[in-house]
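The block underneath contains the structure these notes are about, expressed in C-alpha cells.
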Amino acid sequence: SLLDAFPSLEPTMLLDIARHELRPIDLRKLDSKLREKADDSGSASSFLSRDSSSKDYPFLSTLFAPLNLYFRVLIHFAFSGGKADVVTALSTGFLLYMDHLNDLNLCYEWYAVLQYHMEFHAHRRREMVNGKYDGWGDRTMI
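If you use the UniProt record's numbering, the sequence shown corresponds to residues 1 to 142, in order.
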C-alpha cells in the first residue's frame with residue numbers, strides 16, 4: 001500500500017499527490033531536510049503556509065529529492081492501480097524531465113529554471129487530472 005511504501009508521508013499528502021492536488025510550490029512539504037529545518041525553528045505552521053522560493057531551493061540539486069519522492073508516489077499509485085501505460089509514461093517522463101532541468105540549469109540562471117519548473121509542473125498537473133501523463137517528457141511543452 002502507499003502508506004507502507006511511504007511511511008514518512010501523511011495519508012493526506014499521499015492522496016493530494018495521487019489526486020494531482022499537490023501544487024508545485026508545495027513540493028517542499030516532501031523535503032525532509034526542509035521539514036526538519038522548520039521543526040528546528042519551531043515554525044512548522046509558517047513553513048507549511050508559505051510558498052516555495054529560491055530560498056528553499058537554492059540549487060537544482062535541492063529540488064531533486066522532493067521531486068523524486070513526488071514521482072515515486074505517482075508511479076507507485078499507478079502501479080498499484082494496474083496502469084502499466086501510466087507507469088511507463090511517468091517513469092520515462094521523470095527521467096527525461098530531470099535531464100531537461102539539468103540542461104536548462106547549465107544554460108540559464110537557477111532562479112529562471114526554478115520558475116520554469118513551477119510553471120511546467122503546474123501544466124503537467126492539469127494534464128494528469130485529465131488522464132494525460134506523457135507531457136513530462138516533452139521538452140516542447142509548457
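Each residue gets a CB set at the ideal place from its N, CA and C atoms; glycine is no exception. None of the values given here were measured: they were computed from a predicted structure.
Enclosing alpha helix (DSSP H) for residue i [first to last residue]
i, result
"L63", "60-80"
"L16", "According to the sequence shown, residue 16 is Asp rather than Leu. Element bounds for D16: 11-18."
"L2", "2-5"
Pairwise C-alpha distance: residue j and residue i
i, j, result
"N68", "R23", "15 Å"
"S1", "R19", "16 Å"
"residue 145", "Y97", "Any question about residue 145 goes unanswered here, given that the chain covers just 1 to 142."
"S32", "I17", "16 Å"
"R28", "R139", "24 Å"
"S8", "Y70", "13 Å"
"R124", "G131", "10 Å"
"G135", "F94", "10 Å"
"T88", "K55", "33 Å"
"G82", "Y133", "15 Å"
"A5", "M118", "26 Å"
"S80", "G137", "22 Å"
"M13", "Y108", "32 Å"
Residues near residue i in its chain [Cβ-Cβ closer than 7 Å; skip 5 each side]
i, result
"P11", "L3"
"H121", "P24"
"L74", "I17, L90"
"Y57", "L63, L114"
"H76", "L2, A5"
"T92", "G137"
Three-state secondary structure assigned by DSSP to residue i
i, result
"E109", "coil"
"S91", "helix"
"G131", "coil"
"Y97", "helix"
"Y57", "coil"
"L22", "coil"
"K29", "helix"
"D138", "coil"
Nonlocal neighbours in the same chain, by C-beta distance under 6 Å from residue i, ignoring five residues either side
i, result
"M128", "H20"
Own chain partners of residue i with C-beta closer than 8 Å, once the 5 adjacent residues on each side are dropped
i, result
"L60", "L101, N102, N105, W110, V113"
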